[in-house]
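So the sequences go chain by chain: B and A. Position 109 of the first sequence, counted from 1, bears residue number 237 in this note's numbering, the numbering being contiguous throughout. Position 81 of the second sequence, counted from 1, bears residue number 209 in this note's numbering, the numbering being contiguous throughout. For every residue, glycine included, the Cβ atom is placed at its ideal position computed from N, Cα and C. Notes follow once the structure below has been shown.
Protein chains: 2
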Amino acid sequence: MQFSVRLPVATHILLCIEKFQGKYKTTSTFLAGSVNVHPVIIRKTLGQLRTAGLVEVAAGVGGAKLTRSPKDITLLDVFRAVEEEEDLFHFQENPNPQCPVGRNIHRVLGTRLEKIKQHMMDDLAAITLDELLNAVNEEDVP
Amino acid sequence: MQFSVRLPVATHILLCIEKFQGKYKTTSTFLAGSVNVHPVIIRKTLGQLRTAGLVEVAAGVGGAKLTRSPKDITLLDVFRAVEEEEDLFHFQENPNPQCPVGRNIHRVLGTRLEKIKQHMMDDLAAITLDELLNAVNEEDVP
DNA sequence: ATCCATTGTAACACATATTATTACATCTAT
DNA sequence: ATAGATGTAATAATATGTGTTACAATGGAT
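Okay, structure coming up:
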């Protein structure tokens, strides 16, 4: 079990948009060439990022740009843009209410797993696009 | 995207096994009645827990018991028993190596996401079956 | 020794989520 | 108007998760 490729792909897209701003027109086809996915996947993901207010896409003419500084965009913003808001773990629907374990498991385990998810969100919020871009620029191994 | 029901179900099973030890024979059918899943799901999960060395199952006669104290079983043990060992996020296979973002994204983003997964594992390791059982016993709302 | 409840496991069915692809209406600078 | 681009729906292919049936193997009880 692992999270889908959407967060990594969306992050890749955002990094490219910023990195190539002013140098290339960052169209879905251009971005697809770097990420190596179908341009429609790029457009769908850009749509999610646009809905989340992270990018502006030039309809018709093409190309995208960030709506704010990479310093002010975190992986949590990206995560929320492309993933559903839900519990980290899926719970069994109808445990037996006549069993002391069955009638308490969701609350007892759920509250603890919720904290773990919160930690994950905090960790994602601590990573900015700016940090990633600097790492890409500085640690580039061509 | 969320993790499957396996960790919660496996935890439920372990709690029942300990809670009802000596009072009921914890067969797959008995456990299935508390969790509310098909007995075969219970047997499969018990098989994973057995492989991980967390439980002993009495073949033929039926019933299961923990191999060690609930104090010494953490949710990380359970997680590892029922989930594959893999990255938290799935990465795109072949990003463009000629693009500075494409050729660095996996390393730059991957190392950071790996730390997040490690935090998650640490959090899971801090929760024992004993703690959960106490919570179930003490906070029981019949 | 046989019986019977139970486990272990394979096989299959089904639903859902993910990713890839095609198609096409719409948009906008030129 | 045209050309290149986006937005989005529809579809397909694949993978994963979950439910179910079936049955051989196990081991205590009789």
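Check, Outcome
"Assuming contact is defined by CB atoms lying nearer than 7 Å, are residue 162 of chain B and residue 206 of chain A in contact in what I supplied?", "no"
"Tell me, please, whether the CB atom of residue 129 of chain B is closer than 7 Å to any CB atom in chain A?", "yes"
"For chain B, is any of its Cβ atoms less than 7 Å away from the one on residue 240 of chain A?", "yes"
"Which runs of the alpha helix (DSSP H) fall wholly inside the region 139-163 of chain A and span at least 4 residues, in chain order?", "156-163"
"Can you give me, in chain order, the residues of the region 171-192 of chain B that have a beta carbon less than 9 Å from any beta carbon in chain A?", "none"
"Here's a check: name, in chain order, each residue in its chain whose Cβ is nearer than 6 Å to the Cβ of residue 249 of chain B, leaving out the five neighbours to either side.", "204"
"Name the DSSP bridge partner or partners of residue 214 of chain B?", "For residue 214 of chain B, which the question treats as bridged, DSSP gives no partner whatsoever."
"Excluding the five sequence neighbours on either side, which residues of its own chain have a C-beta within less than 6 Å of the C-beta of residue 320 of chain A, listed in chain order?", "The structure shown does not extend to residue 320 of chain A, since chain A spans only 129 to 270, so no value can be given for it."
"Give the secondary structure of residue 195 of chain A by DSSP, where H, G and I count as helix, E and B as strand, and everything else as coil.", "coil"
"What are the residues of the region 255-269 of chain A that lie near chain B, defined by any Cβ-Cβ distance shorter than 9 Å?", "255, 259, 260, 261, 263, 264, 265, 267, 268 and 269"
"Kindly indicate which three-state DSSP category residue 219 of chain B falls into: helix, strand or coil?", "coil"
"So, does the region 145-157 of chain A touch the region 180-191 of chain A, judging by three or more C-beta pairs under 8 Å?", "yes"
"Could you tell me the boundaries of the beta strand (DSSP E) in which residue 184 of chain A lies?", "183-185"
"Quick check: what's the CA-CA separation for residue 254 of chain A versus residue 202 of chain A?", "7 Å"
"Is it the case that the region 135-143 of chain A contacts the region 230-243 of chain B, given that we only count it when at least three CB pairs across the two stretches are under 8 Å?", "yes"
"CB-CB under 6 Å to residue 196 of chain B, same chain, minus the five flanking residues each way: which ones, in chain order?", "none"
"Are residue 236 of chain B and residue 264 of chain A closer than 7 Å when you measure CB to CB?", "yes"
"Find the nearest neighbour of residue 309 of chain B within the set A:216, A:148, A:182 and A:234, judged by alpha-carbon distance.", "Beyond the ends of chain B as shown, which are 129 and 270, falls residue 309 of chain B; an answer cannot be given."
"Runs of 4 residues minimum, wholly inside the region 244-268 of chain A: which ones carry the alpha helix (DSSP H) assignment?", "257-266"
"Does the beta-carbon of residue 270 of chain A have 16 or more other beta-carbons within 10 angstroms, so that it is buried, or is it exposed?", "exposed"
"What are the residues that DSSP puts in a beta bridge with residue 131 of chain B?", "A:217"
"Buried or exposed: where does residue 267 of chain B fall if 16 or more other Cβ atoms within 10 Å of its Cβ makes it buried?", "exposed"
"What are the boundary residues of the alpha helix (DSSP H) that includes residue 173 of chain B?", "167-179"
"What's the gap between the Cα of residue 245 of chain A and the Cα of residue 256 of chain B?", "18 Å"
"Taking the C-alpha atoms as reference points, what is the distance between residue 182 of chain A and residue 194 of chain A?", "6 Å"
"Considering Cα atoms alone, identify which of A:252, A:159 and A:143 is closest to residue 190 of chain A.", "A:159"
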